[in-house]
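> Mind having a look at this structure? Questions to follow.
Protein chains in written order, with the working numbering: chain A, 16 to 387; chain B, 2 to 409.
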């Protein structure tokens with residue numbers, strides 16, 4: 016399959032996808048309820064975009080194209096409420112969080128469908144280990160070259176987004192010590208990591224053709240990059256965020272990316288370079304492992320900073336773009352979180368400290384997800 | 002003079018009840034494991050087969066039947082299962098999805114009406130017909146709990162199976178209490194007994210359930226219920242409650258079931274006590290099924306003959322039709338609805354206990370009922386667990402990997 020051409024889209028519009036956990040309200044372990052939930056939503060005439068994911072205890076919701084923070088939050092809230100209505104009829108729980116704290120990957124069931132079966136055949140146990148839950152944010156780009164420029168510009172701030180969204184400290188029953196352990200599951204895939212450094216669509220097209228020629232990939236879907244172009248939507252898709260514990264935080268994170276994109280597109284504060292990626296894996300690891308406390312190395316100057324401080328600096332730099340977009344309130348709230356070193360991973364650790372029973376933690380996550 | 006040999010044990014040795022009980026305890030787990038490994042059947046089928054074989058061979062089982070302590074232990078086993086079942090039931094689900102109530106009433110009601118009509122057709126009196134119908138509407142919570150637990154089943158059909166099995170038990174207890182009271186009323190012409198007696202039973206059951214739930218709730222806050230020490234405490238609490246149940250004339254089925262439900266709705270924090278309260282409870286559950294097998298006399302299968310088979314077929318048809326009727330509205334696929342009906346087929350443990358309570362209240366009445374029922378019960382004790390197992394596998398709710406790994 017050749018690479019699709021880059022569809023036109025309105026610049027700086029956004030779309031949000033959230034992968035959610037379906038849990039039993041008895042033991043709060045994951046339950047393969049996606050087909051049941053999809054059936055009951057369809058029966059009730061629910062209009063939102065809801066899709067199955069690789070294993071049957073996951074479900075994905077997606078907003079339409081949004082222009083503003085208000086729209087994004089409104090659509091996410093409507094999706095959440097529709098899903099909760101269906102879930103109540105099935106007596107299952109729904110929650111956010113990048114990973115389920117104590118599920119066993121071996122007990123997960125691969126969803127029906129040719130693509131899921133193919134992934135299972137190809138990746139073996141990695142497919143079941145892929146029972147992790149992320150937020151993907153699409154940003155509309157005026158054209159393909161601008162999209163690639165934006166992609167490589169945003170790469171620098173991947174650690175910032177990881178620290179702000181991290182919500183997967185517990186995996187397979189243990190505290191991993193990571194704020195976002197979810198991303199470790201993605202790094203296991205051979206086509207994960209960063210996109211190749213190509214700043215024009217023609218160059219990217221050549222890369223894709225070469226890869227397709229080797230037979231390693233068939234479509235853009237086979238790349239599990241942190242940020243990847245999505246030509247059919249005319250967007251780039253940021254995929255490093257853990258699914259937050261609330262739709263409010265999901266909307267705030269999405270418009271932060273929108274605001275960063277506006278700053279990068281309009282001000283062009285720096286020219287992306289291949290050498291930016293020298294510190295990429297290091298910075299990303301630090302953010303996953305230590306969250307706000309991680310070290311962030313400025314790829315341009317080589318200067319080392321504490322990530323939490325760096326986030327505060329960055330947010331103050333893009334302040335007037337936030338005002339222009341009407342995202343200032345959301346961005347300021349995230350700035351406060353960074354100053355207070357507060358994220359969902361901290362919330363999960365605090366709750367688990369107060370009551371160590373992990374099923375109870377998942378129950379609290381469900382309550383938090385349903386909060387207004 | 003022959004030597005005095007009286008100090009030696011008697012010859013041939015007298016093999017008492019405790020010997021045969023011990024033999025059963027050795028054979029039952031082996032049979033359970035055998036059917037599980039060779040046929041991939043639920044282990045409880047093996048336990049029940051051993052019980053059936055023992056009763057068929059007319060082993061001297063009087064030791065088992067006479068021992069008071071032994072029977073109490075079995076009551077506890079059933080109470081453990083009912084309490085576990087209750088603590089998984091979420092009454093709020095019925096409010097959120099009223100089609101569940103419709104489905105439950107449909108499958109239980111249809112079974113009740115069809116079986117009662119069949120009893121009438123056979124020439125049973127209306128009292129006996131109603132009694133048979135009440136016993137038949139139950140989907141044995143013991144079998145359902147055991148099979149679901151052994152398969153580590155989880156999902157919509159499993160959850161609904163447990164819910165409906167609990168509701169069925171409540172319907173049956175209510176129906177039988179009302180029946181007993183109305184029969185009593187016919188005899189004594191005391192209007193108070195017809196109303197007051199069942200109300201008294203329910204009130205006493207509810208109070209005892211609240212007490213048990215309260216006690217377990219306190220224990221849960223102070224102790225880690227996952228360790229063995231606390232498991233023993235739970236079993237002790239159940240024994241104590243059952244003793245009070247007998248004193249107060251409450252229902253030994255209703256009390257542990259309601260206590261579990263009350264406990265869960267009072268405190269939503271997930272409860273993770275060991276399955277069947279640990280090893281001790283687990284062993285009692287094995288025994289429960291052996292004794293169930295012994296209680297059901299397989300010779301009555303022949304005696305029951307066509308009537309028993311028709312009863313089984315009617316009951317199966319009613320349960321499946323009832324489950325399918327509102328299945329889609331309640332959110333299941335057609336296949337899942339039918340499978341739910343099949344999964345609801347087991348009858349045994351509770352059926353036997355209910356028959357026993359009828360029997361002890363009205364000996365002549367119980368015997369008539371027993372002859373119609375016993376054949377059906379004997380067949381369903383083997384077929385029931387297989388039906389539930391098939392249904393849960395069909396709906397892919399058995400935990401992938403685990404079963405195969407253990408059977409290998």
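Using N, Cα and C, we set each Cβ at its ideal position, and we do this for glycine too.
For residue 97(B) and chain A, any beta-carbon pair shorter than 8 Å?
Yes, its Cβ sits closer than 8 Å to a Cβ of chain A.
> Against chain B, does residue 173(A) count as a neighbour if the rule is that its beta carbon must be under 8 Å from one of theirs?
Not closer than 8 Å to any Cβ of chain B, the Cβ of residue 173(A) fails to qualify, so no.
> Given a threshold of 16 other Cβ atoms within 10 Å of its Cβ, counted over all protein chains shown, does residue 336(A) qualify as buried or as exposed?
So residue 336(A) ends up on the buried side.
> Hey, is the segment 252–261 of chain B in contact with the segment 207–219 of chain B, meaning 3+ C-beta pairs nearer than 8 Å?
Touching, yes, given that three or more Cβ pairs across the two stretches are closer than 8 Å.
> Counting only beta-carbon separations shorter than 8 Å, does residue 64(B) have a partner in chain A?
In this prediction, residue 64(B) scores a pLDDT of 41, lower than 50, which makes its location untrustworthy; no coordinate-derived value is stated.
> Inspect the CB distances between the segment 42–61 of chain A and the segment 172–184 of chain A and report whether three or more fall short of 8 Å.
Counting Cβ pairs under 8 Å, fewer than three are found: no touch.
> Distance, Cα to Cα, residue 82(B) vs residue 176(A)?
Looking at the two C-alpha atoms, the distance is approximately 49 Å.
> With a threshold of 8 Å on Cβ separation, who are the neighbours of residue 332(B) within its own chain once the five nearest residues in sequence on each side are excluded?
Cβ neighbours of residue 332(B) beyond the five flanking positions: 98, 100, 157.
> So what's residue 70(A) in DSSP terms, helix, strand or just coil?
Three-state DSSP puts residue 70(A) in a strand.
> If contact is defined by three or more beta carbon pairs under 8 Å, each pair taking one atom from either stretch, is the segment 317–327 of chain A in contact with the segment 259–279 of chain A?
Not touching, per the Cβ criterion.
> Measuring only between beta-carbons, confirm whether residue 94(B) sits less than 8 Å from chain A.
Answer yes: the Cβ-Cβ gap between residue 94(B) and chain A drops below 8 Å somewhere.
> For residue 66(B), which residues of its own chain have a beta-carbon under 7 Å away from its beta-carbon, when the five flanking residues on both sides are left out?
In this prediction, residue 66(B) scores a pLDDT of 49, lower than 50, which makes its location untrustworthy; the coordinate-derived value is nonetheless stated afterwards. Contacts found: none.
> Using 8 Å as the threshold, is the segment 203–219 of chain A in touch with the segment 237–250 of chain A, meaning 3 or more CB pairs across them?
Yes, the segment 203–219 of chain A touches the segment 237–250 of chain A.
> Based on the DSSP output, what are the partners of residue 77(A) in its beta bridges?
Answer is 32(A), 64(A).
> Are the beta-carbon atoms of residue 48(B) and residue 29(B) separated by less than 8 Å?
Yes, the pair counts as a contact, with Cβ atoms nearer than the cut-off.
> Per DSSP, what kind of secondary structure is residue 234(A) in: helix, strand or coil?
Three-state result, residue 234(A): coil.
> State the Cα-Cα distance for the pair residue 389(B) and residue 160(B), rounded to the nearest angstrom.
Between residue 389(B) and residue 160(B), the C-alpha separation is close to 13 Å.
> Using only alpha-carbon positions, find the residue among 365(A), 231(A), 24(A) that is nearest to residue 398(A).
There is simply no residue 398(A) to check, as chain A begins at 16 and stops at 387 in what is shown.
> Less than 8 Å separating the beta-carbons of residue 322(B) and residue 53(B)?
Taking 8 Å as the Cβ cut-off, residue 322(B) and residue 53(B) do not qualify as a contacting pair.
> For chain A, find out if any of its Cβ atoms is closer than 8 Å to the Cβ of residue 61(B); answer yes or no.
Its pLDDT being 46, under 50, residue 61(B) is placed unreliably by the model, and the measurement read from it follows with that caveat. With 8 Å as the cut-off, residue 61(B) does not count as an interface residue toward chain A.
> According to the neighbour-count rule (16 or more other Cβ atoms, all chains shown, within 10 Å of its Cβ), is residue 217(A) buried or exposed?
The residue in question, residue 217(A), is exposed, as its Cβ has fewer than 16 Cβ neighbours within 10 Å.
> Could you name the residues of the segment 321–344 of chain B whose beta carbon sits closer than 9 Å to any beta carbon of chain A, in the order they occur along the chain?
Under the 9 Å Cβ criterion, the segment 321–344 of chain B contributes 329, 330, 331, 332, 333, 334, 337.
> Using only the alpha-carbon positions, how far apart do residue 173(B) and residue 87(B) sit?
So the alpha carbons of these two residues sit roughly 16 Å apart.
> Using a Cβ-Cβ cut-off of 8 Å, state whether residue 221(B) counts as contacting chain A.
Chain A, which has no Cβ nearer than 8 Å to the Cβ of residue 221(B), makes this no.
> Taking CB distances under 8 Å as the criterion, tell me whether residue 109(A) reaches chain B.
Closer than 8 Å: no.
> Please go through the segment 117–156 of chain A and give each complete alpha helix (DSSP H) segment of 4 or more residues, from N-terminal end onward.
Segments of the alpha helix (DSSP H) lying fully in the segment 117–156 of chain A: 129–138, 140–144.
> Give the straight-line distance between the Cα atoms of residue 170(A) and residue 290(A), rounded to the nearest whole angstrom.
Rounded to the nearest angstrom, the two C-alpha atoms are 12 Å apart.
> Can you list, in chain order, the residues of its chain whose CB lies under 6 Å from that of residue 342(B), leaving out five sequence neighbours each side?
Closer than 6 Å at Cβ, skipping near neighbours: 320, 321, 324.
> From which residue to which residue does the alpha helix (DSSP H) around residue 343(A) run?
Its alpha helix (DSSP H) spans residues 343–355.
> Between residue 374(A) and the rest of its own chain, which residues show a CB-CB distance below 8 Å, the 5 nearest in sequence each way excluded?
Contacts found: 42, 43, 44, 117.
> Going by CA-CA distance only, name the one from 38(B), 74(B), 27(B) that's closest to residue 51(B).
Checking every option, the nearest Cα to that of residue 51(B) belongs to 27(B).
> Determine the burial state of residue 293(A): buried for a count of at least 16 other Cβ atoms within 10 Å of its Cβ, exposed for fewer.
It counts as exposed.
> DSSP three-state label for residue 207(B), please.
Here residue 207(B) sits in helix by DSSP.
> Between the segment 136–143 of chain A and the segment 126–136 of chain B, do at least 3 Cβ pairs fall closer than 8 Å?
Too few Cβ pairs lie closer than 8 Å, so no.
> Which class does residue 198(B) belong to by DSSP, given the choice of helix, strand or coil?
Helix at residue 198(B).
> Could you pull the start and end residues of the beta strand (DSSP E) that residue 257(A) belongs to?
From DSSP, the beta strand (DSSP E) with residue 257(A) extends over 250–257.
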